[in-house]
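Undergrad:
Numbering (mature numbering (1 follows the signal peptide of the UniProt record, and there is no 0)), first residue to last: -20 to -1, 1 to 358.
1) Would you kindly work out how many angstroms separate the C-alpha atoms of residue 119 and residue 221, rounded to a whole number?
2) Checking 8 Å against the spacing of the C-beta atoms, do residue 298 and residue 64 come in under that value?
3) Give a yes or no on whether the C-beta atoms belonging to residue 116 and residue 140 are separated by under 8 Å.
4) Kindly give me the distance between the Cβ atoms of residue 245 and residue 79, rounded to whole angstroms, as I take these residues to be in contact under 8 Å.
5) Taking the alpha-carbon of residue 308 as reference, which of 94, 320, 211, 84 has the nearest alpha-carbon?
6) What does the Cβ neighbour count give for residue 178, buried or exposed, with the cut at 16 atoms within 10 Å?
7) Within the region 236 to 264, note down every full alpha helix (DSSP H) run reaching 4 residues or more, in order along the chain.
8) Measuring only the C-alpha atoms, how far is residue 135 from residue 128?
9) Go ahead and pull the three-state DSSP assignment for residue 354.
10) So, under 8 Å CB-CB, residue 256 and residue 345 are touching, yes? Tell me the CB distance rounded to an integer number of Å.
11) Ordered along the chain, which non-local residues of its own chain (more than five positions away) have a Cβ less than 6 Å from that of residue 6?
12) Expressed to the nearest angstrom, what Euclidean distance is found between the alpha-carbon atoms of residue 122 and residue 149?
13) Report the start-end ranges of each alpha helix (DSSP H) in the region 160 to 202 that is 4 residues or longer and not cut off at the edges.
14) Can you tell me which of the three DSSP states residue 139 falls into?
15) Around the Cβ of residue 99, are there at least 16 other Cβ atoms within 10 angstroms (buried) or fewer (exposed)?
16) In the structure shown, what three-state DSSP assignment does residue 145 receive?
17) With the cut-off set at 8 Å, would you say residue 113 and residue 318 are in Cβ contact?
Listed below in structure tokens is the structure:
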């Protein structure tokens, strides 16, 4: 459970500890202390812009904003680039389409579309949505990292783990061809609009700079949405794997919908929550580290990273790119959770992320992960 540092502020106030249960009151005593401690971490870490939220029982009960967004102080209307957390919107949308009879988990995607780069490889006929959502597609993370810059199967589809943004893009290109509608349109139709999200932007619009935490390089230069040093994604291009702009409050609605699982039946929810892909050396908890409590199981279910600690089970995702470091997760079944969006050159965000998780949720399975990364980077 997210503990909010209750012990210190409650002791200062001479109050009794509130009883555990869903939807407690939103921290009337702890907030001043918490805001000050968070600001100290962010200032020390040189964070350009940040949005931090704590959820209890599926409700956002605490928010903190830091820094500026293009000359405007960060605030509830600030939109953050959440990097790979975009994949949670892609996964939740797809599962809702499955529930609506508009998509399948095990139908070969070649029925709808084949990427030209793998047209000559017969293994494209094996690729399914289930393989992609559990990161067993056999595709690389990004073709741009390959010497020939072409998409290729690096292992047989379904044969083992390989985190792949390309896989998520492949899935939604196939759905675009099938439905005659792009990922942003389908995400809005099946997920965002039904849960009341209005701030999300899933296509590149470089002129859309108002209240956006613009990416920043090591020298402090800001970049338009969809741009980074030396490169801009084409105007109007969409991605299902990264780059979504969204407010903290609206993403909390997404996280609440995911943890609730109400967008599909109990059978599909159980499938989603079943951990089927071991991430090996990329696992959230590195069980080879000393003094680490090893989970019962951890890895990917259908579209989400999951850690089963026995007493607590988290569902969520991380994101990291050149100027973003983000994390969002929720405990099941309590639906207590944590959302942290940091806008800063990624390597500089690791130590502040470690400190924020240690402050807000010291028992989090992610605490040791960022502690390890901070230690390795020091």
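Here a beta-carbon is modelled for each residue, glycine too, at the ideal position from N, C-alpha and C. Treat the numbers as computed from the prediction; the structure is a model and nothing was measured.
TA: Reading off the structure:
1) Roughly 14 Å between the two C-alpha positions.
2) Going by beta carbons, residue 298 and residue 64 fall inside the 8 Å limit.
3) With a cutoff of 8 Å on beta-carbon distance, residue 116 and residue 140 are scored as near each other.
4) Indeed, because the Cβ distance is near 6 Å, the residues count as touching under 8 Å.
5) Checked all of 94, 320, 211, 84; the closest Cα to residue 308 is 320.
6) Burial call: exposed.
7) You should have 246 to 253.
8) Rounded to whole angstroms, the separation of the alpha carbons of residue 128 and residue 135 is 17 Å.
9) DSSP places residue 354 in helix when its eight states are reduced to three.
10) The pair is not a contact, with the Cβ atoms about 18 Å apart (cut-off 8 Å).
11) Model confidence at residue 6 stands at a pLDDT of 44, short of 50, so the residue's coordinates are unreliable; what they give is reported in the following sentence. A distance below 6 Å between beta-carbons, with the five flanking residues on each side excluded, links residue 6 to the following residues of its chain, in chain order: 41.
12) C-alpha separation (whole angstroms): 10 Å.
13) DSSP runs (the alpha helix (DSSP H)) wholly in the region 160 to 202: 163 to 167.
14) Residue 139 falls in the coil class under three-state DSSP.
15) Answer is exposed; the Cβ neighbour count stays below 16.
16) The answer is helix: DSSP assigns residue 145 an H, G or I state.
17) Between residue 113 and residue 318, the C-beta spacing is not below 8 Å.
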